Amino acid sequence: MKERVTIREVAREANVSIATVSKALNGLDVVTQKTMERVTEAAKKLHYTPNLMGKQLKTKTTKMIGLYTHTITGPYFNTLIEAIVEEAGNYQYGVNVLISSDKQILSSHLLGNMVDGFIGFEELIDEESLSTIRAEGVKAVFVDRKINDGSISSVVFDSQKAGRIAAQHLIENGHTKLGFLPGHPNVYDSDERYLGFQEVMAEHQLPINPDWTITGLFEEKESYENIKNYLLTTPRDKWPTAWIAGNDLSAIGVIKAIDELGMSVPEDFSVIGFDDIELLGYFKPSVTTIQNPIQEQGKQAVIELMKLINNQKKGESKTLDCQLVVRETTKRLSR
Numbered sequence: 001m002k003e004r005v006t007i008r009e010v011a012r013e014a015n016v017s018i019a020t021v022s023k024a025l026n027g028l029d030v031v032t033q034k035t036m037e038r039v040t041e042a043a044k045k046l047h048y049t050p051n052l053m054g055k056q057l058k059t060k061t062t063k064m065i066g067l068y069t070h071t072i073t074g075p076y077f078n079t080l081i082e083a084i085v086e087e088a089g090n091y092q093y094g095v096n097v098l099i100s101s102d103k104q105i106l107s108s109h110l111l112g113n114m115v116d117g118f119i120g121f122e123e124l125i126d127e128e129s130l131s132t133i134r135a136e137g138v139k140a141v142f143v144d145r146k147i148n149d150g151s152i153s154s155v156v157f158d159s160q161k162a163g164r165i166a167a168q169h170l171i172e173n174g175h176t177k178l179g180f181l182p183g184h185p186n187v188y189d190s191d192e193r194y195l196g197f198q199e200v201m202a203e204h205q206l207p208i209n210p211d212w213t214i215t216g217l218f219e220e221k222e223s224y225e226n227i228k229n230y231l232l233t234t235p236r237d238k239w240p241t242a243w244i245a246g247n248d249l250s251a252i253g254v255i256k257a258i259d260e261l262g263m264s265v266p267e268d269f270s271v272i273g274f275d276d277i278e279l280l281g282y283f284k285p286s287v288t289t290i291q292n293p294i295q296e297q298g299k300q301a302v303i304e305l306m307k308l309i310n311n312q313k314k315g316e317s318k319t320l321d322c323q324l325v326v327r328e329t330t331k332r333l334s335r
């Protein structure tokens with residue numbers, strides 16, 4: 001293995017001192033433009049790479065933020081991660097993505113000074129980990145739970161409002177028998193969407209049939225299989241007239257199951273999802289959904305985290321608004 005080029009060799013090549021090389025490569029204005037160009041050219045010629053570990057020891061920063069989750073599957077995560085990486089780059093920060101459910105691995109990252117702060121999800125950060133974060137003053141932003149503390153912020157969707165909007169839209173279109181496909185249990189967005197749905201149903205004095213609450217897990221396959229099984233094993237006169245899916249992937253699974261059984265949306269069922277993922281632009285029929293600003297969530301999570309890292313503020317909880325996007329999968333029931 002070829003030996004690493006040192007800063008001493010760059011200084012020799014540029015015919016300047018080691019201190020001048022350090023100042024030039026760190027962009028300090030005490031170095032003239034001509035000298036800076038000479039040092040940069042020498043570094044390029046020798047393929048010099050700064051010793052980041054040494055730099056971290058001096059500055060006590062890593063110039064990295066962590067993204068901690070147990071999965072990155074699905075279009076929501078694709079959009080979120082792209083937004084986080086892009087915004088982090090504006091601060092000259094990289095993103096270290098940790099995908100694991102192992103609490104020991106998480107602890108080593110939290111306490112090992114591997115990142116300057118992190119963006120996290122509730123399912124990976126339990127109360128014990130949260131206590132560690134608070135005690136150690138680790139800078140963190142959560143994107144699926146409302147929380148604000150000294151070093152902790154959150155940037156979440158208004159999922160309760162989203163659940164209310166979805167239910168209200170269907171009821172205003174004459175539907176009184178509404179089914180719901182929740183996501184993963186004890187997940188903030190899923191719980192809040194279902195709570196909003198329950199509130200609107202109660203306000204209209206409409207019953208919630210437990211047989212119409214069918215597991216979707218935020219997944220196309222799970223939703224497809226469970227809805228198909230329900231329709232095959234339940235008499236037609238016991239069916240709801242509309243389904244609220246936990247997210248857009250779940251809605252797609254519901255629509256595919258209905259279509260495979262020789263029925264169609266919205267003629268036989270109305271279906272509505274959440275998020276307004278990019279994939280919907282290529283799916284027919286076009287899906288009515290509650291639009292969540294996923295890119296904005298990723299961007300704001302980074303902005304909030306950088307303010308915490310730079311000790312510019314205390315933790316704060318931010319809630320992003322949502323809006324109904326009516327497309328082809330919901331319709332008014334004929335009287």
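At the far end of the sequence shown sits residue 335, using full-length UniProt numbering, and the numbering has no gaps. Backbone N, C-alpha and C fix where the C-beta goes; we use that ideal spot for every residue, glycine too. All values reported here derive from a predicted model rather than from experimental measurement.
Report the residue from Gly281, Lys161, Ile152, Asp191 whose alpha carbon sits nearest the alpha carbon of Met306.
Here residue 306 refers to the residue found at position 306 of the sequence shown. Comparing Cα positions, the closest option is Ile152.
Rounding to the nearest angstrom, what Cα-Cα distance links Ile125 and Glu222 in this structure?
Position 125 of the sequence shown holds residue 125. Position 222 of the sequence shown holds residue 222. Computed Cα separation, rounded: 25 angstroms.
Using only the alpha-carbon positions, how far apart do Leu320 and Ser270 sit?
As a position in the sequence shown, residue 320 is number 320, starting the count at 1. As a position in the sequence shown, residue 270 is number 270, starting the count at 1. Rounded to the nearest angstrom, the two C-alpha atoms are 27 angstroms apart.
When you compare only the Cα positions, how much space is there between Lys331 and Ala242?
For the purposes of this step, residue 331 is taken as the residue at position 331 of the sequence shown. For the purposes of this step, residue 242 is taken as the residue at position 242 of the sequence shown. One C-alpha to the other measures close to 10 angstroms.
Near Met53, what residues of its chain come up, given a Cβ to Cβ distance below 8 angstroms and the 5 sequence neighbours on each side ignored?
As a position in the sequence shown, residue 53 is number 53, starting the count at 1. Unreliable placement is indicated for Met53, whose pLDDT of 45 sits below 50; the coordinate value is still reported in the next sentence. So the list is empty, once near-sequence residues are dropped.
Tell me the start and end of each unbroken alpha helix (DSSP H) in the region 232 to 308 that is at least 4 residues and wholly inside, in chain order.
Counting whole runs of 4 or more residues, the region 232 to 308 contains the alpha helix (DSSP H) stretches 248 to 260.
Does at least one heavy atom of the ligand ATP sit under 7 angstroms from the Cβ of Ser286?
The ligand ATP is absent from the structure shown, which contains no ligand whatsoever.
Per DSSP, Val155 is paired with what?
Translated into the one-based positions of the sequence shown, residue 155 becomes position 155. Val155 is bridged to Lys318.
Identify the continuous alpha helix (DSSP H) that holds Ile133 and give its terminal residues.
On the sequence shown, position 133 is the one that residue 133 refers to. Run containing Ile133: 127 to 136, per the alpha helix (DSSP H) assignment.
From the DSSP secondary-structure annotation, give me the bridge partner or partners of Gly89.
Along the sequence shown, read from residue 1 onward, the residue named residue 89 stands at position 89. Note: Gly89 sits in no beta bridge, so no partner.
Going straight from the alpha carbon of Glu82 to that of Ile72, what length do you get?
Within the sequence shown, numbered from 1, the residue matching residue 82 stands at position 82. Within the sequence shown, numbered from 1, the residue matching residue 72 stands at position 72. Using only the alpha carbons, I get a separation of about 12 angstroms.
Please state whether DSSP places Gly163 in a helix, a strand or coil.
For this step, residue 163 is matched to residue 163 along the sequence shown. DSSP places Gly163 in helix when its eight states are reduced to three.
With DSSP as the reference, please indicate the residues paired to Gly120 in a beta bridge.
Taking the first residue of the sequence shown as 1, we reach residue 120 at position 120. Gly120 is bridged to Tyr68, Phe142.
Per DSSP, Val95 forms a beta bridge with which residues?
Along the sequence shown, one-based indexing puts residue 95 at 95. DSSP lists Ile65 as partners of Val95.
Check each candidate in Glu192, Arg8, Met64, Val5 and name the one with the smallest Cα separation from Leu98.
The residue given as residue 98 occupies position 98 in the sequence shown. When only C-alpha atoms are compared, the closest one is Met64.
Just checking, does the region 162 to 179 make contact with the region 261 to 280 on the three C-beta pairs under 8 angstroms criterion?
Yes, they touch.
Which residues in the same chain as Glu328 place their Cβ atom closer than 6 angstroms to its Cβ, once the five residues preceding and following it in sequence are excluded?
As a working note, residue 328 is residue 328 in the sequence shown. For Glu328, where only same-chain residues beyond five positions count, the Cβ hits under 6 angstroms are Pro285, Ser286.
Per DSSP, what are the beta-bridge partners of Phe180 in this structure?
Taking the sequence shown and counting its residues from 1, the one referred to as residue 180 is at position 180. Partner(s): Thr213, Ile244.
Using 8 angstroms as the cut-off, can you tell me whether the region 257 to 269 makes contact with the region 130 to 144, which would need three or more C-beta pairs spanning the two stretches below that distance?
These segments do not touch.
Residues in its own chain within less than 8 angstroms of Ala88 by CB, not counting five upstream and five downstream?
Translated into the one-based positions of the sequence shown, residue 88 becomes position 88. If we look at Ala88 and ignore the five residues flanking it on each side, its Cβ neighbours are Ile65, Gly94, Val95, Val302.
For a test of the three-state rule: what should DSSP assign to Gln205, helix, strand or coil?
Within the sequence shown, numbered from 1, the residue matching residue 205 stands at position 205. Of the three classes helix, strand and coil, the one that applies to Gln205 here is coil, per DSSP.
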